[in-house]
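Q:
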């Protein structure tokens with residue numbers, strides 16, 4: 001009985017750490033309407049206290065080239081000044097897959113990303129402007145450069161506006 005009571009106390013104290021599920025999309029992807037390419041960015045994450053772990057999924061396709069790209073990563077963000085919403089983060093694992101007639105010979109790719117930004121949380125939703133640097137260590141510059149030519153929205157440095165719901 002004491003163990004059960006101790007377990008309940010631990011669960012209640014941990015749940016008070018402002019934990020929340022977050023699901024969002026990048027509003028900057030709307031520019032696909034005006035270009036010869038499509039880019040869709042979405043992510044799901046869990047934030048507790050000053051740490052957030054998220055899984056971004058991104059799809060890019062060119063309408064003028066025969067090239068598509070799907071990528072996913074495990075991204076960890078830290079909020080050093082939690083009350084301000086400022087965060088910095090990095091991908092722990094980031095992988096992508098090319099397909100189509102104009103895809104590179106080696107279709108699977110591993111690379112990195114770092115990001116910084118602000119999270120503005122409101123009841124039930126959040127808005128997050130951020131700046132990301134893709135392939136920060138330039139390990140895959142050639143293949144990502146080709147993707148950038150085919151999909152103009154795909155660049156090494158990207159300014160994003162993530163908006164979504166937050167479920168406490």
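Residue numbers (the numbering used here): 1 to 168.
In this text, a Cβ means the ideal position worked out from N, Cα and C, and glycines have one as well.
#1: Using only the alpha-carbon positions, how far apart do residue 30 and residue 81 sit?
#2: Beta-carbon of residue 88 versus every beta-carbon of chain B: anything under 8 Å?
#3: Can you tell me where the alpha helix (DSSP H) with residue 58 in it begins and where it stops?
#4: Could you tell me which residues DSSP puts in a beta bridge with residue 33?
#5: Could you tell me the alpha carbon to alpha carbon distance between residue 149 and residue 158, rounded to whole angstroms?
#6: Taking the alpha helix (DSSP H) that residue 147 falls in, what are its first and last residues?
#7: Since I believe residue 144 is in contact with residue 135 (beta carbons under 8 Å), could you give me their beta-carbon distance rounded to a whole number of angstroms?
#8: Identify, in the order they occur along the chain, each residue of the same chain with its Cβ nearer than 6 Å to the Cβ of residue 59, setting aside the five sequence neighbours on each side.
#9: Please state whether the Cβ-Cβ distance between residue 93 and residue 116 is less than 8 Å.
#10: Below 8 Å, how does it come out for the stretch 120 to 129 and the stretch 93 to 105: are there three or more Cβ pairs, yes or no?
#11: How many angstroms separate the CA atom of residue 170 from the CA atom of residue 65?
#12: Taking 8 Å as the cut-off, decide whether the C-beta atoms of residue 55 and residue 74 are in contact.
#13: Which of helix, strand or coil does DSSP assign to residue 27?
#14: Confirm, please, whether the CB-CB distance from residue 57 to residue 78 is below 8 Å.
#15: Residue 62 and residue 37: beta carbons closer than 8 Å?
A: In this structure, then:
#1: Residue numbering aside, residue 30 sits at position 30 when the chain shown is read from its first letter. Residue numbering aside, residue 81 sits at position 81 when the chain shown is read from its first letter. For residue 30 and residue 81, the distance between alpha carbons rounds to 31 Å.
#2: The displayed structure is made up of one protein chain only, and chain B is not part of it.
#3: Taking the first residue of the chain shown as position 1, residue 58 is located at position 58. Element bounds for residue 58: not the alpha helix (DSSP H) but the beta strand (DSSP E), 51 to 62.
#4: Residue numbering aside, residue 33 sits at position 33 when the chain shown is read from its first letter. BP columns for residue 33 are empty, so no partner.
#5: Along the chain shown, read from residue 1 onward, the residue named residue 149 stands at position 149. Along the chain shown, read from residue 1 onward, the residue named residue 158 stands at position 158. For residue 149 and residue 158, the distance between alpha carbons rounds to 15 Å.
#6: The residue given as residue 147 occupies position 147 in the chain shown. Residue 147 -> alpha helix (DSSP H) spans 141 to 150.
#7: Taking the chain shown and counting its residues from 1, the one referred to as residue 135 is at position 135. Taking the chain shown and counting its residues from 1, the one referred to as residue 144 is at position 144. That pair is a contact at about 6 Å.
#8: Here residue 59 corresponds to residue number 59 of the chain shown, with the count starting at 1. Here the set comprises 40 and 70.
#9: Taking the chain shown and counting its residues from 1, the one referred to as residue 93 is at position 93. Taking the chain shown and counting its residues from 1, the one referred to as residue 116 is at position 116. No, Cβ-Cβ distance for residue 93 and residue 116 is not below 8 Å.
#10: no
#11: A question about residue 170 goes unanswered here, because the residues of the chain that appear run from 1 up to 168.
#12: Start at 1 with the first residue of the chain shown, and residue 55 comes out as number 55. Start at 1 with the first residue of the chain shown, and residue 74 comes out as number 74. Contact flag set, yes.
#13: Against the chain shown, residue 27 aligns to sequence position 27. Note: residue 27 maps to helix in three-state DSSP.
#14: Within the chain shown, the letter at position 78 stands for residue 78. Within the chain shown, the letter at position 57 stands for residue 57. Cβ distance not < 8 Å, so residue 78 and residue 57 don't count as in contact.
#15: Locating residue 62 in the chain shown gives position 62, counting from the first residue. Locating residue 37 in the chain shown gives position 37, counting from the first residue. Contact flag set, yes.
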